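Q: Numbering-wise, the sequence shown is residues 3 to 334 according to our numbering.
Just so it is clear, CB atoms sit at the ideal spot from N, CA and C, and this is done for glycine as well.
Bear in mind the structure is a predicted one, so any value in this text is a computation, not a measurement.
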Amino acid sequence: MKDIVVSGARPTGNLHLGNYLGAVKQFVKMQDAYTCFFFIADYHSLTTHPNPKDLHNDARTVLIEYLAAGVDPEKVTLYLQSDLPQIPELYLFLNMHAYVGELERVPTFKEKVRTQPDNVNAGLLTYPTLMAADILMHKGTKVPVGKDQEQHLEMARVFARRFNNLYGKEILPEPIAFNMGNELVKVPGLNGAGKMSKSDDGSTAIFLKDTPKELSKKIMRAVTDTGPTEPNQPKAEGVANLFTLMGYVSTPEVVAHFETEYNEMRVRYGDMKKQLAEDMANYLTPIREKIEDLSKNDAYLKKVAEDGAEKARESAKKTIDEIRSVIGFKSF
Ligand code: AMP
Numbered sequence: 003m004k005d006i007v008v009s010g011a012r013p014t015g016n017l018h019l020g021n022y023l024g025a026v027k028q029f030v031k032m033q034d035a036y037t038c039f040f041f042i043a044d045y046h047s048l049t050t051h052p053n054p055k056d057l058h059n060d061a062r063t064v065l066i067e068y069l070a071a072g073v074d075p076e077k078v079t080l081y082l083q084s085d086l087p088q089i090p091e092l093y094l095f096l097n098m099h100a101y102v103g104e105l106e107r108v109p110t111f112k113e114k115v116r117t118q119p120d121n122v123n124a125g126l127l128t129y130p131t132l133m134a135a136d137i138l139m140h141k142g143t144k145v146p147v148g149k150d151q152e153q154h155l156e157m158a159r160v161f162a163r164r165f166n167n168l169y170g171k172e173i174l175p176e177p178i179a180f181n182m183g184n185e186l187v188k189v190p191g192l193n194g195a196g197k198m199s200k201s202d203d204g205s206t207a208i209f210l211k212d213t214p215k216e217l218s219k220k221i222m223r224a225v226t227d228t229g230p231t232e233p234n235q236p237k238a239e240g241v242a243n244l245f246t247l248m249g250y251v252s253t254p255e256v257v258a259h260f261e262t263e264y265n266e267m268r269v270r271y272g273d274m275k276k277q278l279a280e281d282m283a284n285y286l287t288p289i290r291e292k293i294e295d296l297s298k299n300d301a302y303l304k305k306v307a308e309d310g311a312e313k314a315r316e317s318a319k320k321t322i323d324e325i326r327s328v329i330g331f332k333s334f
């Protein structure tokens with residue numbers, strides 16, 4: 003059987019370097035090797051009740067930034083989840099065979115109950131069935147997800163298996179997690195701890211759209227320490243993070259130079275940051291320029307979204323017709 007890759011992202015703001023290196027760059031590799039469906043999960047974002055004015059703009063931002071980062075709509079099916087009427091339909095069918103108990107036991111749901119007790123809506127409870135609908139809609143077999151999503155993917159497998167068993171037919175394949183290449187990257191932020199995240203305030207995440215000036219301002223303020231006090235001293239997390247970021251965007255010679263400076267206690271963090279800011283700007287400028295161009299090209303965005311929706315609906319219709327038929331729906 004041919005592998006089908008399905009992946010989506012909620013439209014919750016601009017893409018940062020972590021999203022790019024951890025996810026979108028992978029998509030760009032996958033698009034040459036597999037049949038891919040990449041979508042903007044705007045229905046998923048409704049669990050947090052976005053402002054109607056933001057809903058479209060946020061989806062537009064992700065569309066622009068995916069395209070700018072190299073996702074090619076000629077090679078993949080790139081679409082908005084809300085352009086597929088078959089998604090809520092499959093979501094309904096899957097919900098009929100999803101049990102409240104198993105949904106309540108999902109760790110991310112329990113976490114939401116704890117952190118936002120005032121907004122425990124049914125959409126949150128059934129998040130795993132909507133995600134399963136997204137994947138099973140195209141009979142996805144491979145899903146590029148991080149560790150945090152593995153439990154949701156397991157639910158998608160359970161729902162697929164249950165559906166197939168119930169109707170005695172192998173209709174829905176069980177999707178597995180996957181990534182192209184070797185290890186999963188974890189891109190650090192500039193705040194001295196943890197990974198780069200969209201919940202960082204804008205000053206510690208590096209966005210694909212950042213101008214050289216913005217990059218320089220953020221990087222110059224990155225958390226470090228007062229400098230090594232003995233040769234080959236282990237690095238504080240903030241310092242190690244700067245080296246990690248350098249590893250992504252600078253040449254090996256530049257990284258080696260600053261490693262030596264650090265190990266021999268001569269390092270000047272100001273110089274290192276200046277170099278990192280320059281290399282980061284060189285790395286991101288082609289993407290930023292494409293973001294700027296695409297932002298002005300509404301006609302092209304419309305065409306990409308419409309063509310993507312059409313291709314995605316064609317695939318979705320095939321699956322949903324098959325599903326309706328095995329469930330027993332017939333026309334009079
Ligand atoms: P999020 O923005 O957390 O919804 O993540 C969207 C995608 O980007 C997921 O595939 C994440 O695994 C990936 N991602 C987010 N932050 C990072 C990071 N700091 N390092 C690597 N990958 C990341």
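Less than 6 angstroms between C-beta atoms, sequence neighbours within five positions excluded: which residues of the same chain meet that for residue 283?
A: 214, 217
Q: Which residue wins for smallest C-alpha separation from residue 321, given the options 93, 152, 241?
A: That would be 93, whose Cα lies nearest to the Cα of residue 321.
Q: Is residue 229 near the ligand AMP, going by C-beta to nearest heavy atom under 6 angstroms?
A: no
Q: If you run the structure through DSSP and keep just helix, strand and coil, what is residue 86?
A: coil
Q: So, helix, strand or coil for residue 264, using DSSP?
A: helix
Q: Where are the beta strand (DSSP E) runs, 3 residues long or more, that stay fully inside the region 26-98, in chain order?
A: 37-42, 79-82
Q: Report the residue ranges of all alpha helix (DSSP H) runs contained in full by the region 285-330; include only those spanning at least 4 residues, in chain order.
A: 300-329
Q: With DSSP collapsed to three states, give me the class of residue 258.
A: helix
Q: Please determine whether the Cβ atom of residue 207 lies at a distance below 6 angstroms from any heavy atom of the ligand AMP.
A: no
Q: Per DSSP, what are the beta-bridge partners of residue 18 in this structure?
A: 209
Q: I'd like to know whether the C-beta atoms of residue 19 and residue 293 end up nearer to each other than 7 angstroms.
A: no
Q: Any heavy atom of the ligand AMP closer than 6 angstroms to the beta-carbon of residue 1?
A: Nothing about residue 1 can be reported from this structure: the residues present for the chain run from 3 to 334 only.
Q: Taking 6 angstroms as the cut-off, is the C-beta of residue 211 nearer than that to any heavy atom in the ligand AMP?
A: no
Q: Specify the secondary structure class of residue 236 as computed by DSSP and reduced to three states.
A: coil
Q: Given a cut-off of 7 angstroms on the beta-carbon distance, is the pair residue 177 and residue 131 in contact?
A: no
Q: Can you tell me where the alpha helix (DSSP H) with residue 103 in it begins and where it stops?
A: 102-106
Q: Among 168, 43, 28, which one has its Cα closest to the Cα of residue 329?
A: 168
Q: Would you check if the region 16-31 and the region 188-208 touch, i.e. whether three or more CB-CB distances between them fall below 8 angstroms?
A: yes
Q: Using CA coordinates, which residue listed in 297, 89, 245, 150 is at the minimum distance from residue 194?
A: The shortest C-alpha separation from residue 194 is found at 245.
Q: Could you tell me which residues DSSP pairs with residue 145 in its beta bridges?
A: DSSP lists 179 as partners of residue 145.
Q: Give a single yes or no on whether residue 187 has its beta carbon closer than 6 angstroms to a heavy atom of the ligand AMP.
A: yes
Q: Going by Cα to Cα distance, which pick from 68, 84, 34 is closest to residue 315?
A: 84
Q: Are the CB atoms of residue 136 and residue 10 nearer to each other than 7 angstroms?
A: yes
Q: Quick one: is residue 67 buried, meaning 16 or more other Cβ sit within 10 Å of its Cβ, or exposed?
A: Under this definition residue 67 is a buried residue.
Q: Under DSSP, the alpha helix (DSSP H) around residue 195 begins and ends at which residues?
A: Run containing residue 195: none; DSSP gives neither H nor E here.
Q: For a test of the three-state rule: what should DSSP assign to residue 6, helix, strand or coil?
A: strand
Q: At a threshold of 6 angstroms, does residue 20 count as lining the ligand AMP (C-beta to nearest heavy atom)?
A: Residue 20 Cβ: within cutoff of the ligand AMP.
Q: Sort 325, 47, 332 by Cα distance to residue 96 and report the nearest one.
A: 325
Q: For residue 196, verify whether its CB is less than 6 angstroms away from any heavy atom of the ligand AMP.
A: no
Q: Could you tell me which of 270, 147, 164, 42 sits nearest to residue 98, measuring between CA atoms?
A: 164
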